[in-house]
Amino acid sequence: MTILIEQPELGLRVEEKKIISSENNGEMNDLVLDGGFVVPKEISKNDGTVAQEITGSNEAFIAPEINSFGQSFRDYNAESERQKSVEEFYRLNHINQTHDFVKRMREEYSKLNRVEMSIWECCELLNDVVDDSDPDLDEPQIEHLLQTAEAIRKDYPNEDWLHLTALIHDLGKVLLLPSFGELPQWAVVGEHYVLPIDM
């Protein structure tokens, strides 16, 4: 299965930098892109100019500030209202996921009496869902599904079952919608934990 989506034109340009490597006897090299490699440090030369030098391999890995789409990465240490709401979500999630709750949900949803629809129709319903456990709200759910499936397809081109799994991995979030029971967020999204249950 192949899913094609339009790729955004981001207009990003990478500046070419000239660096001096101590390993190449001071020869100039081209640094094409910082993709998480050791970033050259600036050194002052005797003639007053500034050059960059790549140090040995014992330097720490330095992650880039932005991804290949020009978006900045999440700052896990930043205090924000969104971060507080995610923490509150997980607090409720841990309190309310009990053995009895799981048994009730298993009984209710094993009836399979809600609705029948195609996978794509179900994917489209997810655009009405906001996941309270996700600190990154900038991306619609359907876009997340398509990007995940496409990334898996690129990495594992011969594994059709895995492409489909990546596409449908979040379809359970429809349980948040009124026509599917309107379960609370803590019952559907986020990380869930193994609970012993009678079979």
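Once you know that position 85 of the sequence shown is 123 in our numbering, the rest is easy, because the numbers rise by one and skip nothing.
All C-beta atoms in this analysis are idealised placements derived from N, C-alpha and C, irrespective of residue type, glycine included.
Rounded to whole angstroms, what is the Cα-Cα separation between residue i and residue j?
| i | j | result |
| --- | --- | --- |
| L213 | V227 | 9 Å |
| E181 | W158 | 12 Å |
| Y231 | L183 | 23 Å |
| E197 | K211 | 25 Å |
| M155 | T186 | 22 Å |
| Q179 | A116 | 24 Å |
| I133 | R144 | 19 Å |
| L150 | V140 | 16 Å |
| F127 | K192 | 33 Å |
| R129 | L200 | 32 Å |
| N131 | I104 | 31 Å |
| L163 | E188 | 20 Å |
| E177 | V153 | 27 Å |
| S123 | Y194 | 36 Å |
| R142 | H207 | 23 Å |
| S118 | L209 | 28 Å |
| I190 | P234 | 32 Å |
Do the CB positions of residue i and residue j come within less than 9 Å of each other?
| i | j | result |
| --- | --- | --- |
| A204 | Q135 | no |
| D170 | Q223 | yes |
Would you mind working out which of the options sits nearest residue i, comparing C-alpha positions?
| i | options | result |
| --- | --- | --- |
| V168 | V232, L215, L184, E197 | L215 |
| F218 | E119, E146, N115 | E146 |
| E229 | R142, E125, R120, E119 | E125 |
| L202 | R142, E177, C161, S123 | C161 |
| Q121 | D208, L209, D172 | D172 |
| D166 | R152, E220, H207 | E220 |
Using three-state DSSP, classify residue i as helix, strand or coil.
| i | result |
| --- | --- |
| P216 | helix |
| V140 | helix |
| N67 | Confidence at N67 is low in this model, with a pLDDT of 47, below 50, so its placement is unreliable and the value that follows should be read with caution. Of the three classes helix, strand and coil, the one that applies to N67 here is strand, per DSSP. |
| A116 | coil |
| V226 | helix |
| Y238 | Residue numbering for the chain in the displayed model covers 39 to 237; residue 238 lies beyond these limits and cannot be assessed. |
| V168 | coil |
| Y231 | coil |
| C160 | helix |
| R152 | coil |
| Q135 | coil |
| H201 | helix |
| L209 | helix |
| L183 | helix |
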